[in-house]
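Peer 1: Numbering (the UniProt record's numbering), first residue to last: 1 to 309. Where a beta carbon is used, it is the ideal one built from N, C-alpha and C, also for glycine.
1. In this structure, how does DSSP classify residue 26 when only helix, strand and coil are distinguished?
2. Any idea if residue 129 is buried or exposed, counting beta-carbon neighbours within 10 angstroms, 16 or more meaning buried?
3. Can you tell me which of the three DSSP states residue 117 falls into?
4. Extract the residue ranges of the beta strand (DSSP E) inside the segment 235–274, only unbroken runs of 3 or more that lie entirely within it.
5. Note down, in chain order, each residue of its chain lying with its Cβ closer than 8 Å to the Cβ of residue 158, except the 5 sequence neighbours on either side.
6. Rounded to whole angstroms, what is the Cα-Cα separation between residue 50 and residue 240?
7. Between which two residues does the beta strand (DSSP E) containing residue 47 stretch?
8. Per DSSP, residue 130 is paired with what?
9. Buried or exposed, going by whether 16 or more other CB atoms sit within 10 Å of the CB of residue 104?
10. Could you tell me whether the Cβ atoms of residue 254 and residue 169 are closer together than 8 Å?
11. Just how far apart, CA to CA, sit residue 72 and residue 132?
12. Our contact map puts residue 38 next to residue 80 with C-beta atoms below 8 Å; I'd like the distance itself, whole angstroms only.
13. Label residue 197 either buried or exposed according to how many other C-beta atoms from any shown protein chain fall within 10 Å of its C-beta, with 16 as the threshold for buried.
14. Quick check on DSSP: helix, strand or coil for residue 124?
15. Please work out which residues of its chain come closer than 8 Å, Cβ to Cβ, to residue 272, disregarding the five sequence neighbours upstream and downstream, and give them in chain order.
16. Quick one, which of 30, 34 and 279 has its alpha-carbon nearest residue 182's?
17. Between the Cα of residue 219 and those of 60, 59, 192 and 249, spot the shortest distance and give me the residue it belongs to.
18. Can you tell which of 112, 264, 234 and 166 has the C-alpha that lies nearest to the C-alpha of residue 83?
19. If you draw a straight line from the C-alpha of residue 167 to the C-alpha of residue 262, how long is it?
20. Express the C-alpha separation of residue 200 and residue 259 in angstroms, rounding to a whole number.
Here it is, written out as structure tokens:
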């Protein structure tokens, strides 16, 4: 076999291997993910607690403390975003010294291995201080942080209506995704409300935008404010219609992952309820078009070079 043919074959083999790498769900692109959607909603006489922190540190175990208000825990969800997630990795979660669960696969994964674990902790928490310990088995990776959302009943308080949205969507230049919308159905126009969002991979100085019912409520707010690559943002809002929308815009950010959005509003009704929705799955994996184009151009360049010889 002459030298030209050897170069051609080696080049093609290298390109094929590169394509396999990117199309592999284990180490390559793992899909655009799923926009945050409503997993739980309802009305409770009491309050909804949302808190978290403290950014990527590389510590193991990763410890976070949550001071819950007085009252009964009606529903609680612990969110653990991680990076460099690959098939076979796992995390162990302990709450107040009690092993809660060992999970191997994130509930939602997108981009280059950004995963989100969602863990119900209804029976493991109590009023006052709670300790959450996360032990990751993720070589070269770990938690971005953790956030707890807890619906706390207190009969001495007024009723509030709430929506808990979760997902993991990759806003990135590599897949040409610049914005994503999360909706809250059944909102009451004009009611005083509090909005909470958990976003990972934000970078200071890279301007992003956040809109609620088409109104800009912040610029460059996802800038690792609560710790490295971790943002838990909160603000007051006022719904404009019976279906409110929250729009995340990537702007100058290279990567941005909206994961959690919680809306808590004054309730116009005393009828208390808790409605849980079925968890959704992302629809297949999609390799970013720029990656495909680069690989195809590499193949074409090798073929042209071979034909000229």
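Peer 2: According to the structure shown:
1. Position 26 of the chain shown, counting from 1, holds the residue named residue 26. Note on residue 26: pLDDT 45, under 50, position unreliable in the model; the coordinate value appears next. Three-state result, residue 26: coil.
2. Residue mapping note: residue 129 aligns to position 129 of the chain shown, counting from 1. Exposed, by the Cβ-count rule.
3. Translated into positions along the chain shown, residue 117 becomes position 117. Three-state result, residue 117: strand.
4. 243–249 and 255–266
5. Taking the chain shown and counting its residues from 1, the one referred to as residue 158 is at position 158. Closer than 8 Å at Cβ, skipping near neighbours: 45, 266 and 267.
6. Here the question's residue 50 lines up with position 50 in the chain shown. Here the question's residue 240 lines up with position 240 in the chain shown. Between residue 50 and residue 240, the alpha-carbon positions lie close to 23 Å from each other.
7. Position 47 of the chain shown, counting from 1, holds the residue named residue 47. Residue 47 -> beta strand (DSSP E) spans 33–53.
8. The residue labelled residue 130 in the question sits at position 130 within the chain shown. Answer by DSSP bridge pairing, in chain order: 66.
9. Mapped onto the chain shown, residue 104 falls at position 104. Flag for residue 104 reads exposed.
10. Within the chain shown, the letter at position 254 stands for residue 254. Within the chain shown, the letter at position 169 stands for residue 169. For the 8 Å CB-CB criterion, residue 254 and residue 169 do not form a contact.
11. Taking the chain shown and counting its residues from 1, one reaches residue 72 at position 72. Taking the chain shown and counting its residues from 1, one reaches residue 132 at position 132. The straight-line gap from Cα to Cα measures roughly 19 Å.
12. Counted from its first residue, the chain shown places residue 38 at position 38. Counted from its first residue, the chain shown places residue 80 at position 80. Rounded to the nearest angstrom, the Cβ distance from residue 38 to residue 80 is 20 Å, too far for a contact under 8 Å.
13. As a position in the chain shown, residue 197 is number 197, starting the count at 1. With 16 or more other Cβ atoms within 10 Å, it is buried.
14. As a first step, residue 124 must be located in the chain shown, where it is residue number 124. Looking at residue 124 - three-state DSSP - the assignment turns out to be coil, as it is neither helix nor strand.
15. The residue given as residue 272 occupies position 272 in the chain shown. Here the set comprises 42, 43, 44, 45 and 159.
16. One-based indexing of the chain shown puts residue 182 at position 182. It is 34.
17. To locate residue 219, count along the chain shown from 1; it is residue 219. The option with the nearest alpha carbon to residue 219 is 249.
18. Residue 83 sits at position 83 when you count from the first residue of the chain shown. Nearest option by C-alpha distance: 112.
19. Mapped onto the chain shown, residue 167 falls at position 167. Mapped onto the chain shown, residue 262 falls at position 262. So the two alpha carbons sit approximately 12 Å from each other.
20. As a first step, residue 259 must be located in the chain shown, where it is residue number 259. As a first step, residue 200 must be located in the chain shown, where it is residue number 200. Approximately 8 Å between the Cα atoms of the pair.
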